[in-house]
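*Asks:* Residues in the sequence shown are numbered from 71 upward in steps of one, following this note's numbering. The structure that follows is given in the form of structure tokens.
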Amino acid sequence: MSAPRRRNWVRVAERYAQDVIGGRVPACPELLQACRRFQRDRTNPEFRLDREAANRACTFVNLFLEVLPWEAFLIVNIFGFKRRDTGNRRFTFVNVWIGKGNGKSALAAALGLYLAFMDGEQDAEVLTYAFSRENTRHVWETAKQMLRRKQGTDLDVAKEYGIELNALTLYQGRTNSVFKANSSNPDAQHGSRPSALIIDELHTVRDELWDTLKGAIVKRSQSLMLTLSTGGFDVSSKGFKIYEYDRNILGGQEQDDDTFVLIYTAPTDDISDEGNWRKANPSLEAGIIDIRKFRATAHQALSVPGQRGQFLALHMNRWTGAAEGFVDVARWDGCASTLTMQECIDRGLPCVIGLDPADTNDIFGVAVVFFEEPAPMQRRYHAFFQNHLSEGGVARHPRSSLLRDWSGQGHLTIHPGHSLRIEDVIRPLVELWSGLARAEFIWDPKFAKAGVDALLRMSGVPEEQSVQQPMTPAEMTVPLREFASAVNEGRLLHDGNPCVSWQVGNLLVESRGAILKPVKQSDTAKIDAPMALVTALKRASVIPVEADSDLYWGVG
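Printed below as a string of structure tokens:
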């Protein structure tokens with residue numbers, strides 16, 4: 071076999087860490103922490119960096135795929151750091167969290183071949199696991215195809231190192247080593263002594279299997295468990311607990327010299343921010359991921375209800391049900407209803423119109439919320455939204471093309487000029503209000519300077535049907551909790567507006583004891599429509615449904 075081109079891969083990894091720390095590579099806080107940890111470990115007297123071992127592993131992997139700087143950084147950490155007292159590899163556990171499509175399965179396959187047949191381990195046993203039926207053999211099949219593609223070339227790895235390609239295993243006779251896919255049944259793992267485990271999509275791992283595999287991997291002196299995963303959806307899962315533990319290792323809250331962690335994630339849930347994409351997808355910079363197709367996928371996730379949560383987890387490596395996201399967007403999208411506003415009007419349902427007026431760049435959010443109580447203590451809501459934004463606000467937004475698409479679909483109204491004329495929003499709402507049997511407006515008096523109160527009075531709305539409600543954190547806590555509860559229980563039905571779905575995903579909530587405070591991730595991550603909904607729920611959740619109740623009007 072022809073000798074592969076030698077390269078100083080350790081230097082590539084060092085330069086990558088320097089570029090991340092120096093701000094020359096887009097990086098989330100977790101990646102910055104990993105690179106700083108690497109720099110600190112270089113001077114830790116308990117470890118040494120075996121440059122030859124690191125370069126040898128990178129060179130082998132580079133036979134099958136072009137090793138990118140981030141991959142070199144990973145490989146150098148895994149194979150380079152050795153314990154001075156034993157000479158063995160430092161890390162037993164390696165957890166990589168990264169967006170889908172960055173080549174993690176191919177990288178895992180190449181590393182599996184190295185661990186099985188090139189690591190100097192007699193009787194090596196490398197096993198791959200996944201936790202969905204379609205992915206169970208994916209990494210192993212990829213490794214087999216890598217060897218097969220090299221057959222008959224100058225880089226015929228299987229021939230050079232005596233690797234047999236069998237139906238269910240890859241086998242090396244001279245070391246009695248094997249590389250195979252394995253069952254994810256925990257009962258089948260007891261008694262196993264693997265030299266390496268490769269686990270794909272850790273976010274789906276079950277507690278009992280994880281505990282069994284961790285017990286098996288420590289039975290050899292230089293064993294390795296390598297996991298690779300995107301974010302997930304279940305924050306009560308074992309996968310999320312591992313993710314949080316990994317973040318604590320990087321943040322210094324946990325001291326674990328046996329575990330290497332590499333996290334690429336978007337710092338916020340703002341799908342429209344392309345900077346977020348690059349922080350979760352390091353292969354974007356090298357063109358491994360087609361940026362044009364990625365943009366199209368992001369656009370679809372913003373436009374089509376139900377796809378936003380998938381994009382956040384798989385492509386931005388976010389746990390979409392994590393605590394910082396207040397409402398699960400997938401659940402919100404699942405509450406979309408075909409019921410029309412006219413049907414609610416015809417049924418004579420009571421209504422609250424929540425307003426969240428805008429400044430120059432913000433959306434003026436409107437939530438028209440009808441409500442009923444089909445069973446005691448089971449209030450149901452039917453929400454219809456309006457989003458209003460000035461042409462100037464659209465032009466200044468980094469995702470102006472998407473906003474214009476939503477406008478063309480009727481989900482957002484774009485008004486001419488650099489700022490929004492409040493009367494252009496209020497007057498049509500007053501016309502709607504005049505045709506409703508029982509309805510009132512509610513809005514925060516902090517927007518008094520916008521002229522909302524004066525416009526409502528001039529339009530004939532009585533004072534008792536224009537409720538000024540200060541929306542302080544203390545006042546918002548109950549309707550925020552009702553918002554989340556109603557979505558989770560399927561009691562808050564809505565019109566499926568994708569512009570609103572995007573804003574719901576942008577809504578974060580800070581908890582200060584028992585008080586909840588809504589916040590947004592950035593100036594471009596709008597939350598105006600959800601805040602109009604929360605304002606409406608302040609009244610719609612407590613007003614008696616009965617038409618003749620004297621408690622209905624004017625209860626501030």
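Virtual Cβ for every residue (Gly too), placed ideally from N, Cα, C.
By DSSP, does Asn78 sit in helix, in strand, or in coil?
*Replies:* Coil at Asn78, not helix or strand.
*Asks:* Cα separation between Glu616 and Trp503?
*Replies:* A straight-line Cα-Cα distance of about 19 Å links Glu616 and Trp503.
*Asks:* Could you give the C-beta distance for Asp270 and Ala213, rounded to a whole number, given that I count them as a contact under 8 Å?
*Replies:* Between Ala213 and Asp270 the Cβ distance is about 12 Å, and since that is not below 8 Å, they are no contact.
*Asks:* Using a Cβ-Cβ cut-off of 6 Å (strictly less than) and excluding sequence neighbours within five positions of Gln456, which residues of its own chain qualify?
*Replies:* Val436
*Asks:* Nearest to Gln192 by CA position, among Phe134, Arg263, Val399, Leu217, is which residue?
*Replies:* Arg263
*Asks:* So, for Pro337: in the same chain, excluding its five sequence neighbours on each side, which residues have a beta-carbon less than 6 Å away from its beta-carbon?
*Replies:* Once the five neighbours on either side are set aside, the close Cβ partners of Pro337 are Cys98.
*Asks:* With which residues is Ala437 paired in a DSSP beta bridge?
*Replies:* DSSP links Ala437 through a beta bridge to Gly424, Phe455.
*Asks:* Check whether the segment 147-164 touches the segment 228-246, counting contact only when three or more Cβ pairs, one atom from each stretch, lie closer than 8 Å.
*Replies:* no
*Asks:* Suppose contacts are defined by Cβ-Cβ distances below 7 Å. Is Gly169 in contact with Asn351 by that definition?
*Replies:* yes
*Asks:* Starting from the C-beta of Arg348, find all residues in its chain whose C-beta is less than 8 Å away, skip the five residues before and the five after it, and write them out in chain order.
*Replies:* Pro96, Leu354, Glu355
*Asks:* State the Cα-Cα distance for the pair Ile148 and Ile492, rounded to the nearest angstrom.
*Replies:* 60 Å
*Asks:* Would you list the residues sitting across from Phe117 in a DSSP beta bridge?
*Replies:* Arg153
*Asks:* With DSSP as the reference, label Leu621 as helix, strand or coil.
*Replies:* Only weak support exists for where Leu621 lies, its pLDDT of 38 falling under 50; the coordinates are left without a value.
*Asks:* Tell whether a beta-carbon distance below 7 Å holds between Leu384 and Thr300.
*Replies:* yes
*Asks:* So the candidates are Gly93, Ala180, Arg378, Met541; which of them puts its Cα closest to the Cα of Pro515?
*Replies:* Met541
*Asks:* Determine the closest residue to Lys608 out of Ala544, Ala584, Glu559, with distance taken between C-alpha atoms.
*Replies:* Ala544
*Asks:* Which of the three DSSP states is assigned to Ala392 in this structure?
*Replies:* Any reading at Ala392 must be qualified, since the residue scores a pLDDT of 46, below 50, and its modelled position is unreliable; the value itself is stated next. Residue state, collapsed to three classes: coil.
*Asks:* What separation, rounded to the nearest whole angstrom, lies between the Cα atoms of Ser611 and Glu552?
*Replies:* 8 Å
*Asks:* Which residue's Cα is closest to the Cα of Gly424: Val522, Val604, Val209, Asp343?
*Replies:* Val604
*Asks:* Quick check on Ile358: does DSSP put it in helix, strand or coil?
*Replies:* coil
*Asks:* So the candidates are Arg378, Ala453, Ala445, Pro446; which of them puts its Cα closest to the Cα of Glu413?
*Replies:* Ala453
*Asks:* Pull up the distance between the alpha-carbon of Arg449 and that of Gln535, whole angstroms please.
*Replies:* Taking the straight line joining both Cα atoms gives about 21 Å.
*Asks:* How many angstroms separate the CA atom of Val331 from the CA atom of Leu296?
*Replies:* Distance from the CA of Val331 to the CA of Leu296, rounded to the nearest whole angstrom, comes to 10 Å.
*Asks:* Residues in the same chain with beta-carbon distance under 6 Å from Val579, minus the five sequence neighbours each way, listed in chain order, please.
*Replies:* Phe396, Leu586, Pro588
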